[in-house]
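Be aware that the sequence shown starts at 1, since it is given in UniProt numbering, and climbs by one per residue.
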Amino acid sequence: GSGSPSSVPDQSTAKDDATFEKTDAARVALYKVTDSKGGKLAVEQINEKPLKREMLRPDDVFILDTGSGLYVWIGKTATQQEKTQALAEAQEFIKNKKYPAWTPVERIVQNSETAPFKHFFQTWREAGSTGSRLV
Numbered sequence: 001g002s003g004s005p006s007s008v009p010d011q012s013t014a015k016d017d018a019t020f021e022k023t024d025a026a027r028v029a030l031y032k033v034t035d036s037k038g039g040k041l042a043v044e045q046i047n048e049k050p051l052k053r054e055m056l057r058p059d060d061v062f063i064l065d066t067g068s069g070l071y072v073w074i075g076k077t078a079t080q081q082e083k084t085q086a087l088a089e090a091q092e093f094i095k096n097k098k099y100p101a102w103t104p105v106e107r108i109v110q111n112s113e114t115a116p117f118k119h120f121f122q123t124w125r126e127a128g129s130t131g132s133r134l135v
């Protein structure tokens, strides 16, 4: 490259991993999308932290805002309106938050969660999992 060793910043100016992870976790937010209030869809932020798997109720849809993208989690017993309007709500969410139009949105169906999605929830354990052990 065209850089010189003197142009590389000191290690002391970099944030440590723990600080970065704490800041990153603070940006993550969970929102419930529900039509339980008279049939009109409402989006409500869940302010409880840390996020736990138990917060995802099967009768609703949730939007997980990671700061760099959105996950739309669809519960198995969510209403048809919640299921069909979930991605439209995510697009509206992007507009309201003034996120770039290219912000990624991933649709997740209950019991088909991806590892990156599960990473945001403190209490996520696979059935039969006893924790992470190297053998």
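Beta carbons: idealized from backbone N, C-alpha and C, even for Gly.
Model, not experiment: these values are computed from the prediction.
query: Three CB pairs or more closer than 8 Å across the segment 94–101 and the segment 74–84; result: no
query: Pick from LEU51, VAL33, GLU54, LYS37 that is closest to GLU44, judged by C-alpha positions; result: VAL33
query: Straight-line Cα distance separating ARG27 from ALA86; result: 21 Å
query: Where the alpha helix (DSSP H) containing ASP90 begins and where it ends; result: Contrary to the premise, residue 90 reads as Ala rather than Asp in this sequence. Element bounds for ALA90: 80–96.
query: Range covered by the beta strand (DSSP E) that runs through ALA29; result: 29–34
query: Unbroken alpha helix (DSSP H) run spanning PHE117, endpoints; result: 115–118
query: Coil, strand or helix - GLU54 by DSSP; result: helix
query: Given PRO104 as reference, the closest of LEU64, LYS118, GLN122 once Cα atoms are compared; result: LEU64
query: CB of GLU106 within 9 Å of CB of GLY69, strictly; result: yes
query: Pairwise C-alpha distance: VAL8 and GLU113; result: 40 Å
query: Straight-line gap, ALA29 to LYS37 (C-alpha atoms, nearest Å); result: 22 Å
query: Counted within 10 angstroms of its Cβ, other Cβ atoms place VAL72 as buried (16 or more) or exposed; result: buried
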